[in-house]
Amino acid sequence: MKYIDEFRDGTVAQGIAKAIRAEADPGRAYHIMEFCGGHTHAISRYGLEDLLPANVRMIHGPGCPVCVLPVGRIDAAIWLARQDGVTLCTYGDMLRVPGSKRLSLLKAKAEGCDIRMVYSTMDALKLAQSLPERQVVFFAIGFETTTPPTAVAIKQAQAMGLGNFSVFCNHVLTPSAITQILDSPEVRELGTVRLDAFIGPAHVSTIIGSRPYEYFAEEYQRPVVIAGFEPLDVMQAVRMLVRQINDGRFEVENEFARAVTRDGNEKAKSLVADMFELRRAFEWRGLGLVPYSALRLKERFAAWDAERRWDVPQDSPPDNKACECGAILRGVKKPVDCKLFGTVCTPENPMGSCMVSAEGACAAHWTYGRFRDADPGHASGPDPEGD
Amino acid sequence: MCLALPALVTELLPDDNAKVNLGGVAKTVSLALVSDVAVGDYVIVHVGYALSVIDPEEAARTLELFAEMGELVPEGTA
Ligand code: SF4
Chain A
1018 MKYIDEFRDG TVAQGIAKAI RAEADPGRAY HIMEFCGGHT HAISRYGLED LLPANVRMIH
1078 GPGCPVCVLP VGRIDAAIWL ARQDGVTLCT YGDMLRVPGS KRLSLLKAKA EGCDIRMVYS
1138 TMDALKLAQS LPERQVVFFA IGFETTTPPT AVAIKQAQAM GLGNFSVFCN HVLTPSAITQ
1198 ILDSPEVREL GTVRLDAFIG PAHVSTIIGS RPYEYFAEEY QRPVVIAGFE PLDVMQAVRM
1258 LVRQINDGRF EVENEFARAV TRDGNEKAKS LVADMFELRR AFEWRGLGLV PYSALRLKER
1318 FAAWDAERRW DVPQDSPPDN KACECGAILR GVKKPVDCKL FGTVCTPENP MGSCMVSAEG
1378 ACAAHWTYGR FRDADPGHAS GPDPEGD
Chain B
1342 MCLALPALVT ELLPDDNAKV NLGGVAKTVS LALVSDVAVG DYVIVHVGYA LSVIDPEEAA
1402 RTLELFAEMG ELVPEGTA
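Those sequence lines, one after another, are chains A and B. In my numbering, each residue carries its 1-based index in the first sequence increased by 1017. In my numbering, each residue carries its 1-based index in the second sequence increased by 1341.
Rendered as structure tokens:
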């Protein structure tokens, strides 16, 4: 298919890999974080790490909306689904994410709650129209890409006078998460995580544009390259970042110019600005409370805000102790560092959110990476640094 | 849930919707978040909405940059 096949060409990938090997200085290490789960998925699926020289290391970031939602918000969604007359709907991946006490929306559904999976917010609206006697709550999650679709649905509900539709809003913001990582003690003081550069999000950037990254490229002196989700996009971004690091530059470059502009999607941005406001702080799995990192509906749209309609619990229970999702999302650990990986925790029976979504680091490694690791000489798992 | 493919717009439908071809599968998506989309354009679709229209010239330019990389490689390494 056009715009897919030519961005997956293996010969060209080898060519870019060769260029990276030629340009990367063997005397230094390059630590590149791909923020987005979409990139994590591409890196694992196409084995891109095998194409890179050993001193160019990829660190998986927290950019998977399913992964970063804390246990408390899953519990709150289950709480909502249990309220009288409520039908809760959400995107498919959310159903399997474990909340506290190993409960998930899927299990709540098996217990009799009315929980449905929807593909888009339009389906959620249709559901509300078809169930006038029920309260249909859309459990909204995601980064800047899913917020505008939520906004469109609320606008339409308003236009249709649809009183039995509301949104449990969990939309979060990418730039604040990147800032939080750069400010974390592991990066700033302890130096346990070295981050030299970032691959910026593909789809998020189609909405917000490349401009928002300029602040921390400058402020934190880290280069950023926005890249598409195809394997050649990722390889090219690595090459551009290696160049920037070699030159001592820290600029925002855009590899995904076919879909991303500096200012992004104005129509989507103004819709979101009109309807949502910043939360003072929001909890992220792995990152803790991140200031001004999430959105909620403005007062004007209170009628469609599930958190204003119901007294939704705001507890924040801790993660399952054995699950390392939190550390993995901060780039501190890798999936194979988790004792549960591949034994107790698999995509069929996920113990943590990183094993649920295809973009989660654990799920990506389970699906595509574990056979690379399968070396009988290493009983406790391979050395992630390579041999 | 962020994974998405470029989809070819095959028909414009009422209420800001469009029929697209997504890797051989026909789907209806919303165009509420984009402007000036025409049949024959490729759009990036996410959770049922087109988020942006692919710029064919920029795509060609990116592919050219890849190809320049390829030229550095001696033949026969495929
Ligand atoms: S393997 Fe499972 S339990 Fe371990 S960190 Fe990943 S999601 Fe959590």
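Glycine included, each C-beta is placed from N, C-alpha and C at the ideal position. Nothing here was measured: the structure is a model prediction, and the numbers come from that model.
Contact residues of ligand 1 (beta-carbon closer than 5 Å to any heavy atom; chain order) are A:C1340, A:E1341, A:C1342, A:C1355, A:L1357, A:F1358, A:C1362, A:M1368, A:G1369, A:C1371, A:M1372, A:C1379. Taking 7 Å as the cut-off, the Cβ atoms of A:E1324 and A:T1057 do not count as close. Assignment of B:K1360 by DSSP, reduced to helix, strand and coil, places it in the strand class. A Cβ of chain A is located within less than 7 Å of the beta carbon of B:D1396. The DSSP-derived three-state label of A:W1327 is coil.
Our two residues, A:L1148 and A:T1163, have alpha carbons roughly 24 Å apart in a direct line.
Counting the other CB atoms within 10 Å of its CB gives B:L1354 a total below 16, which places it among the exposed residues. Here A:M1050 is buried. Its C-beta has 16 or more other C-beta atoms within 10 Å. With fewer than 16 neighbouring CB atoms inside 10 Å of its own CB, A:G1064 falls in the exposed class. Under DSSP, the beta-bridge partners assigned to B:P1347 are B:I1385.
For B:S1371, the enclosing beta strand (DSSP E) has its first and last residue at 1366-1371.
Chain order gives the chain A residues near B:G1389 as Y1136, S1137, T1138, M1139, D1140, P1166, where near means a beta carbon separation below 8 Å. If you ignore the 5 residues before and after A:V1307, its C-beta comes within less than 7 Å of the C-beta of S1193, A1194, Q1197, A1298, F1299, W1301, all in its own chain and listed in chain order.
The beta carbon of A:D1131 sits closer than 6 Å to those of T1104, all from its chain and outside the five residues before and after it, given in chain order.
DSSP, reduced to helix, strand and coil, places A:D1322 within a strand of the structure shown. Counted as a single uninterrupted DSSP element, the alpha helix (DSSP H) harbouring A:G1054 occupies residues 1054-1062. Proximity of A:Y1063 to chain B, defined by a Cβ-Cβ separation below 7 Å, is not satisfied.
Beta-bridge pairing by DSSP links A:N1187 to A:I1158. Interface with chain B (7 Å Cβ-Cβ cutoff): A:M1050 is excluded.
Per the DSSP secondary-structure output, A:D1131 pairs in a beta bridge with A:T1104. Think of a sphere of 7 Å around the beta carbon of B:E1399: the chain A residues whose beta carbon falls inside it are A1274, R1275, in chain order. Counting only residues of its own chain and dropping the five nearest sequence neighbours on each side, A:I1060 has a CB closer than 7 Å to the CB of E1051, E1066, M1075, V1251.
Between B:P1347 and chain A, the shortest Cβ-Cβ separation is below 7 Å.
Relative to the Cα of A:G1159, the nearest Cα in the group A:I1171, A:D1140, A:C1186, A:M1134 belongs to A:C1186.
Residues of chain A with a Cβ closer than 9 Å to the Cβ of B:V1375 are, in chain order, N1282, K1284, A1285. A:C1106 has its alpha-carbon roughly 46 Å from the corresponding atom of A:R1260. B:G1364 has a beta carbon lying within less than 7 Å of a beta carbon in chain A.
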